[in-house]
Amino acid sequence: MVSIEDKKISPSKKIIDDVKIQIIYIPLKSKLGYVYKPTVKVGDYVCIDDTLGINVTTDFALKSSVSGTIVGIEKKYISNGHLVDCLVIENDFKEKYRNKLGKKKDITKYSKECFLYMLQNSGITGMGGGDYPTFIKYSTNNKINYLIVNGIESEIYSSSDNALMYNYAEEILECIDAITEIMDIDKAYIAINENNSVIIKKFLKHINTYPNIKIYPIIDAYPSGWERYLVNEITNLNYENNPSEVGVIVNNVSTIYSIYELLKYNRPSTEKIVTIAGAGVRKPANYKVKIGTNFSELMLKTDGYSKINNPVLVAGGAMMGKSIPTDELIITRDLNTILVLEETNQKSEKCIKCGKCSEVCPVGLMPVMIIDSNDRTKKLRIDKCIGCGLCSYVCPSKIEVREILESMKEK
Ligand code: SF4
Ligand code: SF4
6 MVSIEDKKIS PSKKIIDDVK IQIIYIPLKS KLGYVYKPTV KVGDYVCIDD
56 TLGINVTTDF ALKSSVSGTI VGIEKKYISN GHLVDCLVIE NDFKEKYRNK
106 LGKKKDITKY SKECFLYMLQ NSGITGMGGG DYPTFIKYST NNKINYLIVN
156 GIESEIYSSS DNALMYNYAE EILECIDAIT EIMDIDKAYI AINENNSVII
206 KKFLKHINTY PNIKIYPIID AYPSGWERYL VNEITNLNYE NNPSEVGVIV
256 NNVSTIYSIY ELLKYNRPST EKIVTIAGAG VRKPANYKVK IGTNFSELML
306 KTDGYSKINN PVLVAGGAMM GKSIPTDELI ITRDLNTILV LEETNQKSEK
356 CIKCGKCSEV CPVGLMPVMI IDSNDRTKKL RIDKCIGCGL CSYVCPSKIE
406 VREILESMKE K
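Numbering-wise (the numbering used here), the sequence shown opens with residue 6 and increments by one.
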């Protein structure tokens with residue numbers, strides 16, 4: 006773990022939610038590579054709860070986020086830097102639903118089967134950056150003993166989860182309680198950075214009603230929100246591939262909030278809070294927008310760009326983000342932060358074999374050896390790299406170690 010200097014150069018807890026976006030793009034391929042077969046065609050009218058496509062391997066539904074007409078298919082960038090086909094929907098701003106929305110008073114009153122079915126049809130995926138279909142996490146045969154809710158936001162600039170927790174602490178608690186009841190989970194922990202006293206107080210104000218939920222303060226260092234670290238820190242357990250192997254489920258706070266809306270109003274996952282920040286943005290802020298919003302249209306409808314030299318657009322935080330060649334970037338569930346930064350153009354130098362990259366790697370990799378080795382993937386466990394970017398951050402030779410590893414991983 007490393008303390009990142011100048012942390013939290015981020016916008017306030019306020020959420021701006023009144024930007025109206027006309028054209029919505031729903032990607033037919035996710036960041037993790039899930040491909041959706043369209044169930045609609047150009048010319049069709051769609052409602053918010055309509056299914057637009059299905060992933061044939063998992064039967065996971067792709068949902069619309071607006072009502073309107075499908076007007077085409079276009080390629081746009083998504084958070085992993087890939088250009089993918091997107092269904093283009095012209096929003097009619099009528100917010101129409103095919104099925105009637107209702108408000109459920111007691112959201113603990115769902116059976117496990119019904120909960121899983123709703124998740125599968127909701128389009129909810131890991132909103133902390135993972136993008137993994139949430140229903141798969143819950144469709145385990147293992148007994149789940151712990152639910153860990155990840156409220157750690159350790160990237161510089163990012164504050165979308167903080168804004169969400171600040172504004173919706175009560176709803177998040179209600180939902181965690183419901184999930185533990187429905188899934189028969191013994192205990193839930195909300196992991197929050199120990200210095201985040203404002204948010205801790207927000208939860209503590211309402212937590213007494215929920216004896217099975219505890220706040221778990223976590224050291225304020227990077228990357229303390231890493232799933233494997235949280236599971237070990239809180240439960241003392243280790244796992245091979247998936248926390249459910251040892252009876253743990255980890256969800257980001259924004260995923261929990263999406264589940265809340267599903268259980269309370271039968272509303273699929275349609276919106277996302279995203280931090281827009283960096284020197285190249287005139288007014289950094291947290292925006293709640295429709296999933297499928299094109300960043301270029303959002304900038305046109307808001308205060309837009311500041312003039313800076315050599316702007317670079319980064320999808321994700323400064324440590325883990327991916328630079329995107331244009332601002333035709335689609336805001337998907339996994340995207341928490343978009344930065345417009347000034348390219349530093351600092352030249353990298355030769356590796357001096359100082360070993361700093363290996364010292365800081367939370368996974369225990371030796372990046373310098375990976376870059377040098379011929380047997381890269383198998384022997385040196387490159388697949389275990391979580392892309393945290395600490396190796397690049399500490400490198401005195403300014404080598405983009407993480408980027409090199411990521412392109413090797415992709416190959
Ligand atoms: S930190 Fe940079 S210079 Fe040092 S060993 Fe790693 S890659 Fe080489
Ligand atoms: S090798 Fe991967 S996991 Fe290790 S510090 Fe670099 S980016 Fe992080």
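Glycine included, each C-beta is placed from N, C-alpha and C at the ideal position.
Computed from a predicted model, the values in this text were never measured in an experiment.
| Check | Outcome |
| --- | --- |
| Which runs of the alpha helix (DSSP H) at least 4 residues long sit entirely within the region 102 to 176? Give them in chain order. | 117 to 125, 139 to 143 |
| Using a beta-carbon distance below 8 Å, is E158 in contact with chain C? | Looking at the structure shown, chain C is missing, and only one protein chain is on hand. |
| According to DSSP, is E79 part of a helix, a strand, or is it coil? | strand |
| So, with DSSP's three-state summary, where would you put E276? | strand |
| Counting Cβ pairs closer than 8 Å, one from the region 316 to 323 and one from the region 245 to 256, do we hit at least three? | no |
| Please classify Q125 as buried or exposed, where buried requires at least 16 other C-beta atoms within 10 Å of its C-beta. | buried |
| Would you say the region 16 to 35 touches the region 85 to 92, given that touching needs at least three Cβ pairs under 8 Å? | yes |
| Less than 8 Å between the beta carbons of G326 and I29, yes or no? | no |
| Can you tell me which of T280, I375, G392, G73 puts its alpha carbon nearest to the alpha carbon of I343? | T280 |
| Closer than 7 Å to a non-hydrogen atom of ligand 1 - does that hold for the CB of P372? | yes |
| Give every residue of the same chain whose Cβ lies closer than 7 Å to the Cβ of E354, excluding the five residues on either side of it in the sequence, and list them in chain order. | S402, K403 |
| Quick one: any contact between the region 333 to 352 and the region 54 to 66, if contact means 3 or more CB pairs under 8 Å? | no |
| Helix, strand or coil, according to DSSP, for C180 in the structure here? | helix |
| Please classify K403: does DSSP put it in a helix, a strand, or coil? | coil |
| Between E250 and L268, what straight-line distance do the alpha-carbon atoms span, to the nearest angstrom? | 26 Å |
| Quick one: what does DSSP say Y215 is sitting in, helix, strand or coil? | coil |
| State buried or exposed for L169, treating a residue as buried only when at least 16 other CB atoms are found within 10 Å of its CB. | buried |
| Tell me the DSSP secondary structure of D90 in three-state form. | strand |
| Go ahead and pull the three-state DSSP assignment for P330. | coil |
| In the structure shown, what three-state DSSP assignment does T337 receive? | coil |
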